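One structure below.
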Amino acid sequence: SMVPLTMGANLCQKAPTRALVDSYLNADGSVPADKTVYANRDPRLTATVVYNGYVWKDRNDKGEYVTKGTINVTSGNDKAGTDNGSPTGFYTRKYFDTTHGKNLEMWTNIIMMRYADVLLMYAEAINEYAGAPDDQAKEAIREIRKRAGVKTDESLLGDYRSFRDLVRNERGRELAFEGLRKWDLIRWGTFVEKMHNAGTNQPTENKYRNVSYTNYASANYANVTARHIYLPIPTKELAVNHALRQNPLW
């Protein structure tokens, strides 16, 4: 229930945000002049997110990979802001299994860890430990972006801060929807801030906006506080081990 309705979903349960879409730069490494134009962008955008004008491809009954249609989020069944449509104007392509059954049964494995994550962790660790990226850390980032078909702005590999920002953004783009972002934000000490910012990252265009959904999301993002960084220790564990102390704010 993440793909467009015209491509088999019953409703949109999860939708990418505008912030995620905007984080994907042009394939040549430059910043898009108009972020609502999706041509010539980082190929991972098309592999991850379905946007307005997206050309949807899938296998037909003969097993041929063909164009099934062009997604229109401004009208029709895929219109954003409806009860069943995307509240943000975007749908999800990642995890879509082109070998699916007739009723969209999917056999895609949930990603636990992959090599790109290892490279990103390595690059981040080197930069944080040494205070600057070394040649191996820089090459780790180049390798990820080269595989994705994206050129790397070498000026972003020079110092600690620019490299740190590149790695953090690269984790968001490369590992989107793989269940890692929350823990990344907690590790970086930015979880509460980013969640509050996410509450303001709602579509303002009426053609995309479902007021009930977006207001509900904004209100919930605003409720995030420092107590949500750690889970509470179960009462049962505190009862059997009196040396334990409950986490702060719980």
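For this note's numbering, add 2 to where a residue sits in the sequence shown, where the first one is 1. Built from N, CA and C at the ideal position, the CB exists for glycine as well. For clarity, every value in this text was computed on a predicted model and none was experimentally measured.
- Counted as a single uninterrupted DSSP element, the beta strand (DSSP E) harbouring LYS70 occupies residues 67-72.
- By the Cβ rule, the segment 173-190 counts as touching the segment 19-32, because three or more pairs are nearer than 8 Å.
- Note on geometry: alpha-carbon atoms of GLY133 and TRP252 lie some 35 Å from one another.
- Here TYR162 is exposed. Its C-beta has fewer than 16 other C-beta atoms within 10 Å.
- For MET114, the number of other beta carbons within 10 angstroms of its own is below 16, and it is reported as exposed.
- Linking VAL152 to PRO45 through their CA atoms gives a straight-line distance of about 7 Å.
- By the criterion of a C-beta distance shorter than 7 Å, SER3 is surrounded in its chain by ALA11, ASN12, LEU13, CYS14 and GLN15, once the five residues flanking it on both sides are discounted.
- DSSP places VAL57 within a strand segment (E or B) once states are collapsed to three.
- Take the alpha-carbon of THR227 and the one of ARG183: they are about 17 Å apart.
- In the structure shown, VAL52 adopts extended strand secondary structure according to DSSP, grouped into three states.
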